[in-house]
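**Student:** This is the structure, below, for whatever I ask next.
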Amino acid sequence: MPTLPLLSIALISCAALGLEILLMRLFSIVQWHHFAYLAVSLAMLGYGAAGTARVVLGARLHAHFSQIFAVSALLFGLTAPAAFLVAQQVPFNALEILWDARQWLWLTLQYLVLFVPFFFAAFCLCLAFSHFGSQAHRIYGADLWGAAAGSLLALGLLFILPPQRVLLVIAGFALAAAGLAWPPPRHQVGYVLLLAAMALPWVIPDTLLALHPSQYKSLSQTLLVTGAKVKTEKYSPLGQVTVVENPRVPLRYAPGLSLTATREPPPQLGVFVDGEGPAAITRFDGAWEPLTFLGQMPSAMPYQLLQRPSVLVLGAGTGMDVLQALYYEAAVVDAVELDANVAALVAQDNASFAGQLYQLPQVRLHVAEARSFVATSSARYDLMVLPLADTFGTASAGLHGLAADYLHTVEAFRIYFCQLKPGGMLALNRWVQLPPRDLIKLAATAVEALVLEGVTQPARHLALLRGWQSATLLVKQTPFMPREVAALHDFAESQAFDLEWAGGRVAGAMPHHRLDRPYFQEAFAALSGTAHERADFYRRYKFHIAPPTDDRPYLYHFFTWRALPEIMQLKERGGLSLVEMGYPVLVATWLLAMLFGTLLILLPLWAARRRAMGTRTASQRRRVFAYFSLLGMAFMLLEMAFLQKFVLLLGHPLYAAAAVLTTFLLFAGMGSRFSVRLSVKGRRSPTLWPVVGIVSLGVGYLTLQPLMLEAAMGWPMLQRLALGIILIAPLAFCMGMPFPLGMARLAGEDIEMLPWAYGVNACFSVMSASMATLLAMEIGFSGVVLLALGLYLATPFFYRTQSADGRYS
4 MPTLPLLSIA LISCAALGLE ILLMRLFSIV QWHHFAYLAV SLAMLGYGAA GTARVVLGAR
64 LHAHFSQIFA VSALLFGLTA PAAFLVAQQV PFNALEILWD ARQWLWLTLQ YLVLFVPFFF
124 AAFCLCLAFS HFGSQAHRIY GADLWGAAAG SLLALGLLFI LPPQRVLLVI AGFALAAAGL
184 AWPPPRHQVG YVLLLAAMAL PWVIPDTLLA LHPSQYKSLS QTLLVTGAKV KTEKYSPLGQ
244 VTVVENPRVP LRYAPGLSLT ATREPPPQLG VFVDGEGPAA ITRFDGAWEP LTFLGQMPSA
304 MPYQLLQRPS VLVLGAGTGM DVLQALYYEA AVVDAVELDA NVAALVAQDN ASFAGQLYQL
364 PQVRLHVAEA RSFVATSSAR YDLMVLPLAD TFGTASAGLH GLAADYLHTV EAFRIYFCQL
424 KPGGMLALNR WVQLPPRDLI KLAATAVEAL VLEGVTQPAR HLALLRGWQS ATLLVKQTPF
484 MPREVAALHD FAESQAFDLE WAGGRVAGAM PHHRLDRPYF QEAFAALSGT AHERADFYRR
544 YKFHIAPPTD DRPYLYHFFT WRALPEIMQL KERGGLSLVE MGYPVLVATW LLAMLFGTLL
604 ILLPLWAARR RAMGTRTASQ RRRVFAYFSL LGMAFMLLEM AFLQKFVLLL GHPLYAAAAV
664 LTTFLLFAGM GSRFSVRLSV KGRRSPTLWP VVGIVSLGVG YLTLQPLMLE AAMGWPMLQR
724 LALGIILIAP LAFCMGMPFP LGMARLAGED IEMLPWAYGV NACFSVMSAS MATLLAMEIG
784 FSGVVLLALG LYLATPFFYR TQSADGRYS
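Numbering (my numbering), first residue to last: 4 to 812.
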């Protein structure tokens, strides 16, 4: 009998999870970030389809287990890079998915191509489960531990290698698994595969590995301009940072620059993150006259009211907002930037070009997560600035609609208010969208935060200045005084801007940039009402503008189903641009998961049910189906909810993904190994106690997690990571038990049902990966967690099996 290849199983799982994490990063570069959910769905679909294939092929695979296992691992290693290279050639454009039916076909093709390597990886695991069913706990443990190592591996490699090279390293791990598992007597094949695994990441030429971002990304469009060339490129898990220079057609980046401006900005370098931007590094030689444009943008609004202010810039990036603060003689500027690579572009790589901006005595650079920095800072400020965080194109297309944004929630605003000096201000710079969406949503967020701080007339604390392209929302800790409103009015008139609202009333001046109707003034007037009136306004507005909270941190989510019919009627007049593209892409991903989960998993399983399940009754089949489907849904919903919630704790989605997946998988693996102790003690329902643990811990986390996360916001990264592990570990340990307990029982009753149960579990995991985010937008992360706990509560009932005398045990 073949030896259980635990090391190969661990290597395959390591490579599969590493590939899943890496695809999140690659999709962000070549498409947009919301394709991360596609990566999770792809992995689960591959696992489910593999279980189905094992059922369909039947017991004939047992005699050739070693050979088929090794070949499957080899095919995984070969198809991992090949599938991504092929998928890049598929002309899918997310921006056209609502009006071009061909995009659904291209998305489907891309989905099917990228699913292939996950199928071969999972087929290895299915073979092992069905061949060594009595050792399911050991296989599941090796699977989960290997997967945990894979997420850390992918994250670590992204710090030192371009992502396309990391793809080859991951493929090498799969080849190594094949080499170790290659059966005798042809050991030389295994040796060759091990050598190939070590050589693969270094022998493939860069030209073959080149990434091909969407032609509609800002970087792709910029490089089409005559004279444009890439000056610098840096990689990290936070993003691919690209610096572009163009001496022939210089970049001129000044968001919302007044139409009365007579002087253009000085030379600039364009900076793109994952192909989106630009932000600009502006040439500065110590002379302020060339920088007069900084006083002719809406973002200059707060400086009309402040003298030598202390300023905090959250998301300083390439330094334009820092430079603007210095232009207005700020006494001190704290510049906070999460991505060390972006900060280094200004502080080191282009320090001379930028006039040693981050080395000036008034400037203090902090590489940190913005909200954590504010929560722990002892300094207080006259002005906090949240700069433009996206590009005009992505804002208009709604491509950030799925991004969990914890910088613009009610809870975040309350933290900011606490760090302002008396009379201090919060400035939020945004692109102008029509009809208004995010500016109204941010104003609503500010109003709700002010009310929670005890302010009775929050609208008197708001001012909005609108230019032709960008706008600035100013939130003041105290009400705006008449002289301040007059100063803002004078600034607006001098620069041909529109002061839409100031100090609780409409400014009343003739607009310079006319609208069909006074959208902003109507909205701010509605926000001036009572809590009931504000809630009614949120319900009536055609877009989702209810204030984001830490439980539903989706600033850019504006989609409402009730507005869709009207938008579709405006299709021929560009109405579909009012739907953020991220939402329909997520819905499309979920529909594809449902479709292919049914076609590749459920239907073949149904067709093969009689042969695969022997003499089991329909009632018994339904119980097995319900048990493993509920487990698949519940596990994935909890995992995805924690992944999104930990973005707040760790500061970036990829950090959260790696930490959450690693911890869940590692401790679930431990729980799997421990589960054998429950199954051998003859307990009538060994799944009951793990489920009680899951539900108890889940309810406890819902109660205490907000307080714990808030208290930990200012801790160093390692301490926050340790807290995350402490929070997840007990829950994951319990979550690792129900699946192997169910598999172990099936192994003792009807071993041919093992791959069937594996496939059912994976199928519902596929469907839940995208569904978790859709649900979170509607019911919040707390609602998703409660739903998952309810599903877990139902599983012990379906774990019971029916004996020959008709009784359940």
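The beta-carbon is built from N, C-alpha and C at its ideal position, and this holds for glycine as well.
1) Can you give me the C-alpha to C-alpha distance between L81 and F72, rounded to a whole angstrom?
2) Could you tell me the alpha carbon to alpha carbon distance between P719 and F30, rounded to whole angstroms?
3) Give the single residue among P438, H369, L476 and L724 whose Cα lies nearest to the Cα of G506.
4) Work out the CA separation of L777 and A807 for me, nearest whole Å.
5) Counting pairs of beta carbons, one from the region 75-92 and one from the region 181-196, are three or more of them closer than 8 Å?
6) What residue range is occupied by the uninterrupted beta strand (DSSP E) comprising R463?
7) Quick one: give me the first and last residue of the alpha helix (DSSP H) that N344 is part of.
8) Shortest alpha-carbon distance to P268 belongs to which of R255, S261, F562 and D277?
9) For D337, which beta-bridge partners are listed by DSSP?
10) Do you know offhand how far W102's Cα is from A591's?
11) Would you give the residue range spanned by the beta strand (DSSP E) that Q327 belongs to?
12) When we look at the beta-carbon of S133 and count the other beta-carbons within 10 Å, is it buried (16 or more) or exposed?
13) Is the region 368-385 touching the region 296-304, taking contact as three or more C-beta pairs under 8 Å?
14) If you drop the 5 nearest sequence neighbours on each side, which residues of the same chain put their C-beta closer than 8 Å to that of A644?
15) For the candidate residues L606, A350, A354 and I284, whose alpha-carbon lies nearest to that of M323?
16) Report yes or no: do the region 669-683 and the region 135-152 share at least 3 C-beta pairs separated by less than 8 Å?
17) With a CB to CB cut of under 6 Å and the five nearest residues on each side skipped, what residues in its chain are close to M4?
18) Just the C-alpha distance for P550 and S473, rounded to the nearest angstrom, thanks.
19) Taking just the CA atoms, how far does D209 sit from H67?
20) Under 8 Å Cβ to Cβ from C17, same chain only, skipping five residues before and after it: list those, please.
21) What did DSSP end up calling D554 once you bin it into helix, strand or coil?
22) Might you give, ordered along the chain, the residues of its own chain that have their beta carbon closer than 6 Å to the beta carbon of K424, omitting 5 neighbours on each side?
23) Using 8 Å as the Cβ pair cut-off and three pairs as the minimum, do the region 410-420 and the region 461-469 touch?
24) Secondary structure at D519, three-state DSSP: helix, strand or coil?
25) At a cut of 8 Å, does the region 326-333 reach the region 439-450 through at least three beta carbon pairs?
26) With distance defined between alpha-carbon atoms, name the residue in H655, P743 and L641 nearest to L705.
27) Inspect the beta-carbon positions of C127 and Y761 and report whether they are closer than 8 Å.
28) Would you list, in sequence order, the uninterrupted alpha helix (DSSP H) runs of no fewer than 4 residues that lie entirely inside the region 104-165?
29) Go through its chain and collect everything with a Cβ distance to L297's Cβ below 6 Å, but skip five positions before and after it.
30) Quick one: Cα of L341 to Cα of P482, how far?
31) Does the separation of the CB atoms of L158 and A661 fall below 8 Å?
32) If I measure Cβ to Cβ from V450 and keep anything under 6 Å in the same chain, skipping five residues before and after, which residues do I get?
33) Measure the alpha-carbon distance for L391 versus Q218 and round it to whole angstroms.
34) S239 and P281 look like a contact to me (Cβ under 8 Å); what is the Cβ gap, rounded to whole Å?
35) Is D352 near the ligand HEM, going by C-beta to nearest heavy atom under 7 Å?
36) Compute the Euclidean distance between the alpha carbons of F800 and A725, then round it to the nearest angstrom.
**Tutor:** Put simply:
1) 15 Å
2) So the alpha carbons of these two residues sit roughly 29 Å apart.
3) L476
4) Residue placement at A807 cannot be trusted, given a pLDDT of 37 that sits under 50; what the coordinates show is reported in the next sentence. For A807 and L777, the distance between alpha carbons rounds to 44 Å.
5) yes
6) That residue, R463, is in no beta strand (DSSP E); it is neither H nor E in DSSP.
7) A343 to A347
8) Answer by Cα proximity: R255.
9) L315 and R367
10) 13 Å
11) First-last for Q327: M323 to Y330, but that is the alpha helix (DSSP H), not the beta strand (DSSP E).
12) buried
13) no
14) A775, A779, F784, V787, V788 and A791
15) I284
16) Contact annotation: the region 669-683 touches the region 135-152, with at least three C-beta pairs closer than 8 Å.
17) Legend: pLDDT at M4 = 42, less than 50; position of this residue unreliable, value from coordinates given subsequently. Around M4: no qualifying Cβ.
18) 21 Å
19) Counting only the Cα atoms, D209 lies some 38 Å from H67.
20) G149, A150, A152, G153, L156 and F176
21) DSSP places D554 in coil when its eight states are reduced to three.
22) Listed in chain order, the non-local C-beta contacts of K424 below 6 Å within the same chain comprise R383 and D385, local neighbours out to five positions each way being set aside.
23) no
24) Under the three-state reduction of DSSP, D519 is assigned to coil, being neither helix nor strand.
25) no
26) L641
27) no
28) 105-134 and 139-160
29) Q327 and Y330
30) 32 Å
31) yes
32) Closer than 6 Å at Cβ, skipping near neighbours: P461 and L530.
33) 23 Å
34) Not really, about 19 Å apart at Cβ, beyond 8 Å.
35) With respect to the ligand HEM, the structure offers nothing, as it holds no ligand at all.
36) 36 Å
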